[in-house]
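To start, the structure under review is shown below, and the notes come after it.
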Amino acid sequence: MSRFTILTAIISAALLAQPARIAHPIDDARFAVLPGSLHPKAQARYDRGPEDPSRKIPFITLMVKASPAQQDALERLLEEQQDRSSPNYHRWLTPEQFGDRFGLAPGDDSTVAAWLESQGLHIEQRARARNFFTFSGSVMQVERAFHTRIHRYLVDGEPHFANATQISMPVALRDLFGGIRGLDDFSRPGAAERPHNTSASGTIQLAPGDWATIYDVTPLYALGIDGAGQRIGILGAYDMNQAYIDSFRALFGLAPSQVEQHLVGPDPGVTASSNEAALDLEWAGAIAPKATIVYIYARNFNDAAQAAIDQNLASVLSESFGTCEPLSGVGNRLMAQQANAQGITWVASSGDSGGAGCDPHGFFGATGNAATVSDGLAVNIPASFPEVTAVGGTQFNEAGGQYWNASNNANGGSAISYIPEIVWNETGAGGLLAGGGGASIFFPKPPWQSGQGVPDDNARDIPDIAFSASGNHDPYMVVNTNGQRATGGTSASAPAFAGVVALLDQYLSHGNPQSGPQSQPGLGNINPELYRMARATTNVFHDITQGDNLVPCAAGSPNCSNGLLGFAAGPGYDLASGLGSIDVYNLAAQWGTVGAPTSTALTASPPNINLGDTVQLTAAVTPVGVTSGGEGFPGGSVTFSIGRTILGAARLMIAGGGSRATLTVTGPRLPVGSATVMATYSGDIAYNGAAATAAVTVAPGAAGSFVQVNITPNPAHAGQFVRVTLTEEAGAGTTITGWTINGVDDFGLFAGDFGTTKLPAYGSLSTTITTATPAVLPSNRMYTFTGVDADGRRWTQQYTLVLEGPLGLPELTLVSAPATVEQNTAADPACQWSQQLILQEQLGFAVQLTGFKAGGADWTGRIQQLFGTNRLAPLGMLQAHICWPGPSPPPATTFELDGTDETGEPVNATVTAAFTGPPASPTALSASPSAVTLSPASATASVTVNLASTGSWNVSVLPANRSTAWLTAVVPASRVTTPQVTLMASSAGLSPGVYNATLLIQAADAVPQFLEVPVVFTVGSSGTTIGGVSHGASFQQAFAPGMILSVFGTQLAPSTQSAASLPLPLSLAGVTASVNGVPAPLYFVSPGQINVQVPYETGAGAAVLGVNNNGQVASFIFPVSAAAPGIFTDPNHAGALVPNSTGKRGDTLLAFITGEGLVSPMLATGASPFIDTPLALLPQPLLAVGVTVGGLPAPIAFAGIPPGLAGVTQINFVVPGSAPLGVQPVVVTVGGVASPPASLTITP
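Heads up: the sequence shown begins at 3 in the numbering used here, then just goes up one per residue.
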């Protein structure tokens, strides 16, 4: 046997000898909770009791997590596999090899399997990499093994099962596992399909040939690079239909291709999201037409991904679904790392909710409400995994250019060349429709994610790249259950890019002329090379510098700034479009190109410092073989780090015969003792990168440690994942000795969750945990950590996490003011009992009201007239004033409001009101002032409550949710001697804008029994003023939801600008507007006037308008009713009807109105119907519409909103045959409310 063979055998044996991690015998009587094992929808409100104990639960998966030592070794290997100077470059592992190094030791693997079988569970699959176990068992067996209870749930009318409590495992096994799947049958919601033929022109839709032309794939096809020999894996959770793929390929002249299918576990069947499979399979194969398309599907996407990786089924994986980070956790990241280690490239859509990854996207949403988000910034998993390439969205911006041929070629394509792009954002058309992007709350910045525009946020940022995703402007063509359809979203751009990766791998396997053939097929994690190429090339990426993924957000909700949330495009990388889109041929041709070599030297001056000193780090980067000529020296930047902690970056400057980058670092940022600092030059357009190290020694200070605790996000929702981080900031290492949550000892889990109890000087420890679900919400959770320093000093740190209601569960509250309604004998006989119903949304969900009951009566038909609208904004409030006639008190009445939230979940609220006779001695109730305006400079005010008697009164702030957290109302202990309410507003955490609340003051035996005081808080400069508002058509003081509102004032905008297209924009010239905190789309802005559309979510009563002119903010209160029709007329001709001021008897004429209120089918604020919408499906007013001419009823042929208009209804009416001749008034009534007249001249 040769020495090499012997050495290989020794190394292999050493790799197999993984140390055992099960240190103690398994004792089923000693168990610990496995966090993250409870689904958010497994809540008491949906609970229908215990599940049948005999029911079988198939395909449950326990996921192994790597030990800290294994994780560190794995991350080093992944770096080396992408480092051309490493002997491990592109040396991919098999699943078995991965298990030998990073899975369980064989003995531990057998021990776990034996324990599962001892519980009566049947093992269905053991991972080739020894990092998961799939098994099945009865409900009784699962409950006994994991110390939990399996219950039945009814959610949105659908039955489900799930564990009702977190699972627990024997203490000896607890630290081996990162999570469990399969204990519930909840699934992710599907993507919304866009309507057919919805492009701007109504005709242009993307064919595969168009995509290939626009993104320069065609030259690769000419070289024979077509995907042959490649395998693209599509991950799904639903059955597919080969007939759709056959039809699609035939439609575009592609050769037939049979999809290779792999079912994982029980068959998921056909679901509402099955059309997603067609989109993914068709477009991955459209770009790589001869690749083998492999469909791996299961009831759970993660099961599909796990099988694809464990079985090495494809070199490229594409996933079009994701879960926002707070709902997902990080337990599945090991799968992505294993995929990369095996040479698999995983691409995923970044999401379609803009910067608001936790808010559901979709076309109009389930409610039809404007897309107003409330859960703050968030990104999706798996897109945010550093090992996954996140694909965002763009849309074409032809801007009048000629980029399309007049006719299609034989393959359906008509594109001529690359088309300029902007960030994909069609949110104004309804629902959330914008490319996902933002910063991860879980994953730090990978060292390769650097370059122009990359934020200095120490977070993994997404997307990485972006491609066309519009479902309206040049959408993708697909064939699915609905026939030929047009669609879009990042779920289209992701599989298309998966096809690109397959072409790239084929090209490189054949031999890139620049770098030669690859040693092994497969590319693994392509992100390091993508970012290197962005720094080193000029023609690979199309830099997207226009547009944004901003979406409307509820005032007072997390990260909401000026009514918008998200990110704008800019030069280089940005959080809206990543590095941009790609020229595919140039990407392949220049992949791995080698620039000129460089050498890097690092010096630390001085190398030895005290804790309070600073050290200057200088990296000198010099081209190998170049000694002079400044114009030839390397450019770019150098990153300085210790281990995986980045100290900072500095740009190279030409000095001293080379390029130098200098960073000054303070002692507290370095570990005490000796440390090795690394300077990494990432390269530029001409030069390769290089690295160097230097030693720095820091003498410890006299003080002890200081540990900072941080939990993100905060506030958090009950049951969601949060990141807990401990950071030492004083330069003294310490040992954690205690951890409690609300006094409950959790320290036994600390080492397993955080990896160690040792916190190094200036180091950090972090973990992801699942928050509790207390019985009472909101609730404060106190996290307490204790520790001891090396010198014996002890410390304690506490941190309060605010828990709100579970994410994904809507909540309405209904209040009656007053709760007991007293008769007012002095009032109108029709209103002897006056009552206010107040409906509030508590957790950030848009809701459409669908039912209203009062006792045994169905009042659904009165919703619009009483509340003004049937749409409730996230964190919003609607009010209804109800009058009851005399002479006898009504019986106690239970009111119930039913609705559907934006995710399709049913929601309701009830309240019971009592009614009594008049008080013996009624007393007058009033308050002054009647409205309060606050600003940060004047953030305190008082409201005097005037009550003629010594009776009691109380005050509450509405809406009672986080949108009014900025306001505190202090009521005195003695309300007789000090009848004042002190109001205090805080602008902390608020962006410039207008925030509103309402004080509800109630008193028994008073007339009236309640009154309301509006409170407006204006945050921002005060240069802008609003002098008044008027109806956009009639210029009267009458206002309704959905209408055009004209606003007059000074400094309302920096310039004059009009909306260029529909849907209406939410920002023009830096100006935004809102009504009751809901963003209002803009028609026109100028310094003296702006025109906005009042959101359809605006309810009856006082509404607060806010205008934000680039940080200068003003507010105005105006009244709103269910309908306020006004006719557009010619102001230059005595109010003549437009477009026809004359007509004959029997003529069909047009009138255009605004102020009609709600329409059906529902239309989002700012949106217009699609161009091919059938006449019968155009939105029409919900309230009855009538027209009179000269006082005579006029027949109406049509009344609705046509394509091309927003907030304006067209009425086609017939001039009555008996109408008087001459100038006659035309009046439109909506819901019995009449418009001011327009004039029509009737001729013989």
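Yeah, the Cβ is synthetic: ideal placement off N, Cα and C, and Gly gets one too.
Spell out the partners DSSP gives residue i in its beta bridges.
| i | result |
| --- | --- |
| Gln1039 | Its beta-bridge partners do not exist; DSSP assigns none. |
| Asn612 | Ala701 |
| Phe1154 | Gln1212 |
| Tyr785 | Ile743, Tyr801 |
| Tyr1256 | As displayed, the chain neither begins before 3 nor continues past 1246, which places residue 1256 out of reach and without an answer. |
| His475 | DSSP lists no partner for His475. |
| His153 | Pro52, Ala164 |
| Val1080 | Val1077 |
| Ala718 | Leu805 |
| His124 | Ser138 |
| Thr1183 | Before going further, note that residue 1183 is Pro rather than Thr in the sequence given. Partner(s): Val1161. |
Between the C-alpha atoms of residue i and residue j, what's the straight-line distance to the nearest angstrom?
| i | j | result |
| --- | --- | --- |
| Phe100 | Gly614 | 45 angstroms |
| Ala1040 | Thr1000 | 22 angstroms |
| Gln45 | Ile584 | 45 angstroms |
| Ser120 | Tyr246 | 46 angstroms |
| Leu851 | Leu1184 | 14 angstroms |
| Pro776 | Ala696 | 51 angstroms |
| Thr714 | Thr1156 | 45 angstroms |
| Glu813 | Gln1011 | 27 angstroms |
| Ser1170 | Val553 | 18 angstroms |
| Val596 | Asn588 | 15 angstroms |
| Asp354 | Ala436 | 5 angstroms |
| Gln244 | Val261 | 7 angstroms |
| Phe1120 | Gly1108 | 11 angstroms |
| Gly1101 | Leu880 | 6 angstroms |
| Val700 | Thr616 | 10 angstroms |
| Ser39 | Arg132 | 21 angstroms |
| Gln84 | Arg93 | 9 angstroms |
| Pro573 | Val456 | 10 angstroms |
| Leu1179 | Phe1200 | 12 angstroms |
| Ile182 | Asn304 | 11 angstroms |
Grouping DSSP H, G and I as helix and E and B as strand, with all else coil, what is residue i?
| i | result |
| --- | --- |
| Leu577 | coil |
| Tyr223 | helix |
| Ser890 | coil |
| Arg335 | helix |
| Tyr587 | helix |
| Glu824 | strand |
| Gln710 | strand |
Quick one: residues in its chain with C-beta nearer than 6 angstroms to the C-beta of residue i, no 5 flanking neighbours on either side, listed in chain order?
| i | result |
| --- | --- |
| Glu82 | Ser88, Asn90 |
| Leu1165 | Pro1181 |
| Asp458 | none |
What distance in whole Å lies between the Cβ atoms of residue j and residue i, which are believed to be in contact at a cut-off of 8 angstroms?
| i | j | result |
| --- | --- | --- |
| Ala1196 | Val1189 | 4 angstroms |
| Asp241 | Asp269 | 7 angstroms |
| Phe1285 | Gly439 | Here the chain comprises residues numbered 3 to 1246, so residue 1285 is not present and cannot be evaluated. |
| Leu805 | Ala693 | Leu805 to Ala693, Cβ: 44 angstroms. No contact. |
| Val1230 | Ala1153 | 6 angstroms |
| Leu960 | Ala1008 | Not really, about 19 angstroms apart at Cβ, beyond 8 angstroms. |
| Val945 | Ser989 | The Cβ separation is near 20 angstroms, so there is no contact. |
| Ser352 | Ala306 | Not confirmed; about 19 angstroms, so no contact. |
Leaving out five residues before and five after residue i in sequence, what residues of the same chain have Cβ atoms less than 7 angstroms from its Cβ?
| i | result |
| --- | --- |
| Pro831 | Pro887, Gly888 |
| Ile1067 | One point to set straight first is that residue 1067 is Pro, not Ile, in the sequence displayed. Same-chain partners within the cutoff: Gly430, Ala1061, Pro1083, Leu1084. |
| Ala538 | Gly597, Gly685, Asp686, Ile687 |
| Ala929 | Val945, Thr946, Val947, Asn948, Ile1003, Leu1013, Val1015 |
With 8 angstroms as the threshold, decide whether the Cβ of residue i is near any Cβ in chain D.
| i | result |
| --- | --- |
| Gly1022 | As a matter of chain content, chain D is missing from the structure shown, which is built from one protein chain. |
Under 8 angstroms Cβ to Cβ from residue i, same chain only, skipping five residues before and after it: list those, please.
| i | result |
| --- | --- |
| Val626 | Ala598, Pro599, Thr600, Ser601 |
Please determine whether the Cβ atom of residue i lies at a distance below 7 angstroms from any heavy atom of the ligand ZN.
| i | result |
| --- | --- |
| Gly754 | With respect to the ligand ZN, the structure shown offers nothing to examine, as it has no ligands at all. |
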